[in-house]
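A.B. asks: Quick mapping for you: the protein sequence lines, in order, are chains A and B. If you read the first sequence in the numbering used here, its first letter stands for residue -5, the second for the next number, and so on. If you read the second sequence in the numbering used here, its first letter stands for residue -7, the second for the next number, and so on. Just so it is clear, CB atoms sit at the ideal spot from N, CA and C, and this is done for glycine as well. Just so we're clear, the structure is a prediction, and the values are computed from it rather than from any experiment.
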Amino acid sequence: MSVATHESGASAATTGPILELIGIGKHFGAVQALAGADFHVHAGEVVALVGDNGAGKSTLVKIMSGVYQADSGSMRVDGREVHVHSPSAAQSLGIATVFQDLALCDNLDVVANLFLGSELGTKAWMDEVVMEKESWRLLRELGAKIPTVRIPVASLSGGQRQTVAIARSLVGNPKVVMLDEPTAALGVAQTAEVLNLVERLREQRLGVVLISHNMADVQAVADRIVVLRLGRNEAEFRAVDVTTEQLVAAITGASDNVVAERNARREASGGPE
Amino acid sequence: MNGSVSPARLGRWAPPAALAVIWLVMSLSNPRFLSAVNLTNLMLQIVAVGAVAVAVVLVLLIGEIDLSVGAVSGFGAAVTAVLSVKQDWPAVLAILAGLATGALVGLAHAAMVTRVGVPSFVVTLAGLLTWQGALLLVLGDTGTVNIDDPQLVAIAGTFLAPAAGWALAAAVTAGSVVAIVGSLRRERDRPARRVWPWVVAGAGAPVAVVVFNADRGVPLAVVVFLLLLAGGDLMVRRTKLGRHAMATGSNASGARRAGIAVDRIRLAVFMLASVLAVTGGILAASRLLAVNQSSGSTDLMLTAVAAAAIGGTSLFGGRGTVWSALLGALVVGSLANGLDLMGASSPIRLIATGLVLAVAVGLDTLAHRAEVTPFREHSRPGR
Ligand SMILES: Nc1ncnc2c1ncn2[C@@H]1O[C@H](COP(=O)(O)OP(=O)(O)O)[C@@H](O)[C@H]1O
Ligand SMILES: [Mg+2]
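(1) Tell me whether N208 (chain A) counts as near ligand 1, meaning its Cβ is closer than 7 Å to at least one heavy atom of that ligand.
(2) Tell me which same chain residues have a C-beta within less than 6 Å of the C-beta of G137 (chain A), skipping the five on either side of it?
(3) Take every Cβ of the region 142 to 149 of chain B, pair it with every Cβ of the region 264 to 281 of chain B, and state whether three or more of those distances are shorter than 8 Å.
(4) Answer yes or no: the CB of N227 (chain A) versus the heavy atoms of ligand 1, is any distance below 7 Å?
(5) For the pair the region 119 to 138 of chain A and the region 333 to 352 of chain B, tell me if three or more CB-CB distances fall below 8 Å.
(6) Please give the ranges of any beta strand (DSSP E) in the region 154 to 234 of chain A, keeping only runs that are unbroken, at least 3 residues long and fully inside the region.
(7) Under the rule that 16 or more other beta-carbon atoms within 10 Å means buried, what is F67 (chain B), buried or exposed?
(8) Measure the CB-CB distance between G225 (chain A) and G50 (chain A) and report whether it falls below 8 Å.
(9) Could you round the C-beta distance between I219 (chain A) and D46 (chain A) to whole angstroms and report it? I think they count as a contact, below 8 Å.
(10) I want to verify the contact list: residues of chain A whose CB lies under 8 Å from the CB of M263 (chain B), in sequence order.
(11) For V201 (chain B), count neighbouring Cβ atoms within 10 angstroms of its own Cβ and tell me buried if that reaches 16, exposed if not.
(12) Nearer than 7 Å: is that true of the beta carbon of K51 (chain A) relative to any heavy atom of ligand 2?
(13) List, in chain order, every chain B residue whose beta-carbon is nearer than 7 Å to that of G111 (chain A).
(14) Measure the C-alpha to C-alpha separation of R372 (chain B) and R232 (chain A) and round it to an integer number of angstroms.
(15) Whose C-beta lies closer than 6 Å to the C-beta of I172 (chain B) among residues of the same chain, with five residues either side of it excluded?
(16) Between the beta-carbon of R341 (chain B) and the beta-carbon of L319 (chain B), is there less than 8 Å?
(17) Tell me, to the nearest whole angstrom, how far the beta carbon of L11 (chain B) is from that of L322 (chain B); I am working on the premise that it is less than 8 Å.
(18) Please report whether the beta-carbon of V40 (chain A) lies at a distance below 8 Å from any beta-carbon of chain B.
(19) With distances taken Cα to Cα, identify the nearest neighbour of Q37 (chain B) among B:I257, B:T122, B:V324 and B:A362.
(20) So with CB distances below 7 Å, who are the chain B contacts of F93 (chain A)?
(21) Determine, using beta carbons only, whether S163 (chain A) comes closer than 8 Å to chain B.
(22) Taking 8 Å as the CB-CB limit, is E363 (chain B) close to chain A?
(23) Can the beta-carbon of L98 (chain A) be found closer than 8 Å to that of V61 (chain A)?
(24) Within this structure, are the beta carbons of A317 (chain B) and A298 (chain B) separated by less than 8 Å?
(25) Rounded C-beta distance between D174 (chain A) and V92 (chain A)? I'm assuming under 8 Å.
(26) Is there at least one non-hydrogen atom of ligand 2 closer than 7 Å to the beta-carbon of Q26 (chain A)?
(27) When the cut-off is 8 Å and only beta carbons count, does P373 (chain B) lie next to chain A?
(28) So is N243 (chain B) buried or exposed if we call it buried at 16+ other beta carbons inside 10 Å?
(29) My output table needs one value for F25 (chain B): the three-state DSSP class, helix, strand or coil.
(30) Using the beta-carbon of each residue, which ones in chain B are nearer than 8 Å to P81 (chain A)?
(31) In terms of residue numbering, what span does the beta strand (DSSP E) encompassing L13 (chain A) cover?
(32) So Q85 (chain A) contacts chain B; which residues on that side make the cut at Cβ distance below 9 Å?
(33) Could you check if G48 (chain A) belongs to the surroundings of ligand 1, using beta carbon to heavy atom distance under 7 Å?
(34) Is there a Cβ from chain A that is less than 8 Å from the Cβ of S316 (chain B)?
(35) Does M209 (chain A) come within less than 8 Å of chain B when only Cβ atoms are used?
(36) From the DSSP output, read off the bridge partner residues of L28 (chain A).
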């Protein structure tokens, strides 16, 4: 993570955001998952969305990707107000999502998964030859290590599956890619590979939204960090400025809570390990 | 990927292996099993069940089940028969009316599944009872309608002239050779196509024609069945509808989030399945020269579901091929035919079929479990 990359991310903020959400509310029965949350991302910027379990991160992502509809608030793409009532509507607006569960079809091969829902060919027929060539190009562009594109994704490793899911999100040439907990199920080496992919996406001037529980990952790749708590914006930091303690304090919602106390005690007795 | 014997790999090769073993045992115990007459009869016996099994395969691929296929095949065939015999409709129109009945039935099933959200198991169980009743209603008091329309009778009663059979074999073999040469000479960048299915088709066609011509010739009904299989296979593997159907069966919520209109896929497949079931019913009626109260029995449904599963189509959705309907129908049909020749009783046939089915479903379950590795258990919502 060179400082230069962070500055390029920050300088992107001089033009308007490509995706912007204002005052988003969403409830499931009695549960208020989101209560007036704001969010935006610029081209070439990696924004991390963090928060405790149940903070509303996945719900916000699903609203942006058309899986759920917001109860209130508005959404803008390139400054224009939009209504995203389905996943395919989001895709055609250039918003791609890598869901927490990856949403891959285990029985289908890599090519089928990469082009699922946007197969190449005529109206009714698929052109497997073109799709396979395109698959290799896409994977090469990401520097992905996949042995063959003609095996079911069930037989790939966790990191390879994550790679396929990320590559799939790029098929429609999106402007924004959202990744929901992409490293949660991965080991150290595979996590590093996924973080490299995230940086590739930024180099390609995409807006990247990254949800993660892992503060080290977030601080490693993000330009900006947005903290959600109980469905509201709790805080926002530039990744270069923030310490892990500040982040944890914002996530848990107070500076005088158990976690902060514990950290303070540890710091007094020689700092965190 | 390597030489290891995974359950999925085993599942793929078990059906042809089982068929080979059955044929070996049957031909050793009774030489008449491999006679041209008997093999032709065997093919005629499996055509109707096979067509219904294609319907079952399609529904299994989207991760649903259709228990009504037997009743629907009888009901649709009864509509065709009654319109032909009692209303004097021309054969083509009577057949179209029967198929349209099937389409409406499938529409009703799909509406219950997608709009109301009733599991397909229950919807089609209710359908089984409903359409069985409808069949009896349509047949009327006599409980049987004898078909006399020459064209309807001709579907199962026509055998191609020897020369026509050879022309057919030549076309299949020539097509296979073109396909094989094409994939061997492909440019480096093009995907590898599997060659062996074409080898089987190209070599099998002349052999089959030799056998059929030694008896009465290639049965028209068998040609119709093979066309259904080829068409279904093309749809599943080459069209977007087929790909989306596979995706729906593999991971419905993932498919929906990929922008696929999952409910429309279900609608299309349930309608197609019922139309195919009626096709099987009409083939059966043409062979029996009648539609009666035992047409579309539960036995037909059970055999068709068993055939689809034995042929290697997964009960867990998203895995299988249309050709498994042929393989499975051949296994079930050969068992019945061979045991019949041996003079074995019906209990033996049921037990043998049941055991084969148990093995097939066991392999399917192992293959499915191998796919669901621990770290992605959570990635299968709704399972
Ligand atoms: N489909 C749903 N039905 C009911 N409640 C939901 C649903 N999705 C999310 N929630 C609730 O909304 C809140 C926010 O959830 P979520 O967005 O998944 O949080 P996060 O991803 O930040 O952990 C939680 O209380 C969760 O239980
Ligand atoms: Mg979440």
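C.D. replies: The answer reads as follows:
(1) no
(2) none
(3) yes
(4) no
(5) no
(6) 170 to 174, 201 to 205, 218 to 223 and 226 to 232
(7) buried
(8) yes
(9) That belief does not hold up - the Cβ atoms of I219 (chain A) and D46 (chain A) are roughly 14 Å apart, past 8 Å.
(10) Going along chain A, no residue has its Cβ under 8 Å from M263 (chain B), so there is no contact; the nearest lies around 16 Å.
(11) buried
(12) yes
(13) A250, G251 and I252
(14) For R372 (chain B), the pLDDT reaches just 38, beneath the cut-off of 50, and the residue's location in the model is therefore unreliable, leaving the point undetermined.
(15) V187 and W190
(16) no
(17) 6 Å
(18) no
(19) B:V324
(20) R249
(21) no
(22) yes
(23) no
(24) no
(25) 7 Å
(26) no
(27) Confidence at P373 (chain B) is low in this model, with a pLDDT of 38, below 50, so the placement of that residue is unreliable and no value is reported for it.
(28) buried
(29) helix
(30) R248, R249, A250 and G251
(31) L13 to F22
(32) A250 and G251
(33) yes
(34) no
(35) no
(36) A:K20
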